[in-house]
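Some notes on the structure that comes next.
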Amino acid sequence: MQNIQCKLQLERYGTLTGMATLYAMATFNEVDIDILGVTANSIFKPNDTGTADNTIVLTRTYDGSKTINAKTTAGVGKTTWNLNGGLTFQTLTLDLGIATVRTDMADFPINCHMDFTLENGHYEIPGRLKIMPGSNVTVGSTATLKISGRLIVLDRLKQEDMSGQRYPTYEELVAAYGYGSGNLYVDGTLQILEGGTLGGVVQSNSNTGILVIAEGAYLTNSGDLDVLDPVYDLNAQGDHYKEHDWVQQVGATGTYDDNTVWMNLPARIYDGEKLVALEPGTYSSSQSSVELTDVSYERYCSNGVTVSDAVAYTGGTRVMIACSDSFTRTVKGTWVNKTSAVEITSNTVAGSDTTGVTVDCITVRNEDGTTTLTLTPKNADNSEVTVKYVHLVKYVVATGTETAQETDGVYIIPADAQSVSIESAMLGDTDLDGIVAPADITLLARALANLADLAELQGLTADSNGDFIMSPADSTKLARFLADLDSLG
Ligand SMILES: [Ca+2]
Ligand SMILES: [Ca+2]
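When the letters of the sequence shown are read in order and numbered with our numbering, they come out as residues 1 to 489.
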């Protein structure tokens, strides 16, 4: 699509457009593709902060030495995308005039020529994305990736030629890169939301990775494929498969050729001994690297795929054949299930009717039984909140209710705590109405003069300069902030 071989940088409100000629419906069609930009149709949409800024959202580099000696990709090197400040991976829509091409009914492939690093900020996949063999996607230590749609990580891919075209083989990828699988490394936070789908292996390069898997996420291969007769008429059964988001289709069916594979591709992590299926809960990573042999998954292949028990394609009905495949691969990172037993009984934001802000809470069970809470405010559109928030975290133990202390943005809850409540408010919003306004200075002045009582959360919001004391200096800070002369905290 593009062959830009120099370093490329884009600021937040810049756009990167590709001009393509697509052959479809017997004609060549010229079409512009919004690759990156704050536009409705861009594939990669940076978070719109609403204010002008010069943040570099993309730094793209090219390594021409990493080429694959395969017919269809000869001479194409590796492009590395470093993304900053968060973005949404949107659906690609191409209006060809005579037809519209959309990727929301298929998994948009991040192929072996592209590596992505999400450096920091909040990222989202509401649509469908597939990390192809040979591609690396890394969620950086200060980045969060949320999946409400679908993310698939392919271990490897065997594909027959189709009109002489095919994806590079595992062996060709190993020769070029030293590895042949698709890799998803989580060094920050990966959240799979209810209804979201994750397939494939999750790895980590660090001790900072967190996985938060919601109840109702699609993760496992516990569905019907294993128990049904392994021979199907694909045309009759296709709709049946499509009901199961965890089943992965690779390849295509055509009128004269056919190389479709249906796979059970469960979401898995390495637990220190073997690859195991992920379940709803919270996991944290530790750094390690292991070479696993005989990694296997069950595949269902239609005719035309090179497997020992497949038969030649004869046209008409496509027959599905069950076959297992095993291979050796490297897995980085060991994951431990640290799902917290502490119940969060309430999580409220003062004045949220006006701000629309909610606060995400990630709970991680520590080795000593304590629980670490990480609180992240987010706007209604999931973009990053730029103003500061304060949080009043209380937990219930046998002797009563205690307030949790903050250390570097996290709150530690003791092992014997039964439940936790979280109240959040904007720093400076002393009267908790959702806006920082002169009325907040008035209330603060009255409190300092002992003319008004502040609740515990109000006491936190009143500490505008963040020195843990409520004093006239906070009034001064707030006044300067309202005059655009200073920031809070
Ligand atoms: Ca206020
Ligand atoms: Ca203060």
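By construction, the Cβ of each residue, glycine as well, lies at the ideal position given by its N, Cα and C atoms.
| field | Range of the contiguous beta strand (DSSP E) that encloses Leu-36 | value | 27-36
| field | Cutoff 6 Å; reference Phe-481; Cβ partners in own chain excluding five residues on either side | value | Leu-488
| query | Which residues bound the beta strand (DSSP E) around Gln-203? | reply | 197-203
| said: At the level of alpha carbons, what is the spacing between Gln-458 and Gly-356? | reply: 19 Å
| Pick from Gly-180, Ile-362, Val-385: whose alpha carbon is nearest that of Gly-328? | Just to set this straight, residue 328 is Thr in the shown sequence, not Gly. If we check each option's Cα against that of Thr-328, Gly-180 comes out closest.
| said: Among Gly-134, Asp-53, Gln-90, whose alpha-carbon lies nearest the alpha-carbon of Leu-36? | reply: Gln-90
| query | Would the beta-carbon of Asp-187 be found less than 7 Å away from any heavy atom of ligand 2? | reply | no
| Thr-142 versus Leu-451: straight-line alpha-carbon distance, rounded | 43 Å
| Does the count of Cβ pairs from the segment 366-384 and the segment 409-418 closer than 8 Å reach three? | yes
| Integer Cβ distance of Ala-176 from Gly-196, believed to fall under 8 Å | With a Cβ gap of about 32 Å, Ala-176 and Gly-196 do not count as contacting.
| query | Straight-line CA distance for Lys-274 to Leu-292? | reply | 8 Å
| For Thr-21, does the three-state DSSP call read helix, strand or coil? | strand
| request: Could you tell me whether the Cβ atoms of Phe-108 and Val-137 are closer together than 8 Å? | output: no
| Ala-511 vs Gly-369 beta-carbon contact at 8 Å | Because the chain in this structure spans residues 1 to 489, residue 511 falls outside the shown range and cannot be described.
| task | With DSSP collapsed to three states, give me the class of Ala-425. | result | strand
| task | Would you kindly work out how many angstroms separate the C-alpha atoms of Tyr-270 and Gln-287, rounded to a whole number? | result | 11 Å
| field | Gln-458 (DSSP reduced to helix, strand or coil) | value | helix
| message | For Thr-354, tell me which candidate among Leu-432, Val-295, Glu-423, Tyr-395 has the shortest Cα-Cα distance. | response | Leu-432
| message | Based on DSSP bridge pairs, tell me the residues matched to Gly-281. | response | Ile-213
| said: Taking 7 Å as the cut-off, is the C-beta of Thr-442 nearer than that to any heavy atom in ligand 1? | reply: no
| field | Straight-line Cα distance separating Ser-285 from Val-336 | value | 6 Å
| Is the Cβ of Lys-388 closer than 8 Å to any Cβ of chain B? | Chain labels in this structure do not include chain B; a single protein chain is all it has.
| query | According to the neighbour-count rule (16 or more other Cβ atoms, all chains shown, within 10 Å of its Cβ), is Ala-236 buried or exposed? | reply | Confidence at Ala-236 is low in this model, with a pLDDT of 39, below 50, so its placement is unreliable and the value that follows should be read with caution. It is exposed - the Cβ of Ala-236 has fewer than 16 other Cβ atoms within 10 Å.
| query | On the three-state DSSP scale, how would you describe Lys-388? | reply | coil
| task | For Phe-481, name the three-state secondary structure that DSSP assigns. | result | helix
| request: Buried or exposed for Lys-146, please, with buried defined as at least 16 other CB atoms from any protein chain shown within 10 angstroms of its CB. | output: buried
| For ligand 2, residues whose Cβ lies under 6 Å from any non-hydrogen atom | Asp-463, Asn-465, Asp-467, Ile-469, Met-470, Ser-471, Ala-473, Asp-474
| message | Restricting to Cα atoms, I'd like to know which of Thr-67, His-391, Gly-466 is closest to Glu-456. | response | His-391
| query | Taking buried to mean at least 16 other C-beta atoms within 10 Å of its own C-beta, is Asn-69 buried or exposed? | reply | exposed
| said: Would Gly-281 and Ile-210 qualify as a contact pair, given that the criterion is a beta-carbon distance under 8 Å? | reply: no
| query | Near Leu-443, which residues of its chain fall below 7 Å by C-beta distance, leaving aside the five closest residues on each side in sequence? | reply | Thr-430, Asp-431, Ala-452
| query | In terms of residue numbering, what span does the alpha helix (DSSP H) encompassing Arg-446 cover? | reply | 438-448
| message | Mapping the DSSP letters down to three states, classify Glu-172 as helix, strand or coil. | response | helix
| task | Please classify Glu-554: is it buried, with 16 or more other beta-carbons within 10 angstroms of its beta-carbon, or exposed? | result | Residue 554 cannot be examined here, being either before or after the span of the chain that is shown, 1 to 489.
| query | According to DSSP, is Ala-490 helix, strand or coil? | reply | Coverage of the chain is limited to positions 1 through 489, which leaves residue 490 absent and any answer about it impossible.
| Extent of the continuous beta strand (DSSP E) to which Thr-372 belongs | 371-378
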